[in-house]
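As numbered in the UniProt record's numbering, residues 1 to 147 make up the sequence shown, in order.
Positions of the beta carbon are idealized from the N, C-alpha and C atoms, including for glycine.
To start, the structure itself, in structure tokens.
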Amino acid sequence: MQLHNLQPRTRPSRAKRVGRGGKRGTTAGRGTKGQKARAGHKIRPAIRDIMKKLPKLRGYRFHSFRPKPAVVDIRRILAAFPTGATVDPAALIEKGIIRRMKGRIPAVKIVGNAAITKRYAFRGIRLSQPLARRIHDAGGSIPLGAS
């Protein structure tokens, strides 16, 4: 007898295949009821639900994610600033009319249809076109491309 002829005294016990029907009866090792007990069960991956809930990038060049300007009514500026004042985003923050957005000074747009009684110099602010005309007529200064 040589080493390669040696055999174990007992045969290794084979593991029973569970959940294949037969031998075990009734539930065949699958527990009772529920999605996992059924034939052809498949659990939906949790990541799929998360992906469905996330906002999609829609539209041409995704403009919806561009930060929107802070909109201010002209009446608030008339009440807060004296005649001849320079109105810019930093001055609006200083007066408490607008707030910083995520630590930055936001873009500002001024709208409204109140009568303009004072002269202002606007810097770095967008204006609605009718308002820009009225400010210009009242003697205020508006940078190019502000409206």
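- [ ] State the CB to CB distance for the pair Val111 and Leu131, rounded to an integer number of angstroms; the pair is presumed to be in contact (CB under 8 Å).
- [x] 6 Å
Open item on the list: Within 10 Å of its beta-carbon, does Tyr60 have 16 or more other beta-carbons around it, so buried, or fewer, so exposed?
Closed with: exposed
Open item on the list: Since Lys109 and Pro69 should fall inside the 8 Å C-beta cutoff, what is the C-beta to C-beta distance between them, to a whole number of angstroms?
Closed with: 4 Å
Task: Endpoints, alpha helix (DSSP H) assigned at Asp137 - done: 129-137
TODO: Assign Pro55 to one of two classes, buried (16 or more other C-beta atoms within 10 Å of its C-beta) or exposed (fewer than that).
DONE: exposed
Task: Bridge partner(s) assigned by DSSP for Arg104 - done: Met101
Task: Residues bridged to Asp73 (per DSSP) - done: Val111
TODO: To the nearest angstrom, report how far apart Gly119 and Leu127 are at their CA atoms.
DONE: Before going on, a small fix: residue 119 reads as Arg here, not Gly. The straight-line gap from Cα to Cα measures roughly 15 Å.
Task: Three-way DSSP call (helix, strand, coil) for Ala121 in this model - done: strand
Task: Where Val87 falls, given that 16 or more other Cβ within 10 Å makes a residue buried - done: buried
- [ ] With DSSP collapsed to three states, give me the class of Arg126.
- [x] strand
- [ ] Starting from the C-beta of Val72, find all residues in its chain whose C-beta is less than 8 Å away, skip the five residues before and the five after it, and write them out in chain order.
- [x] Leu92, Ile97, Ile98, Val108, Lys109, Ile110, Val111
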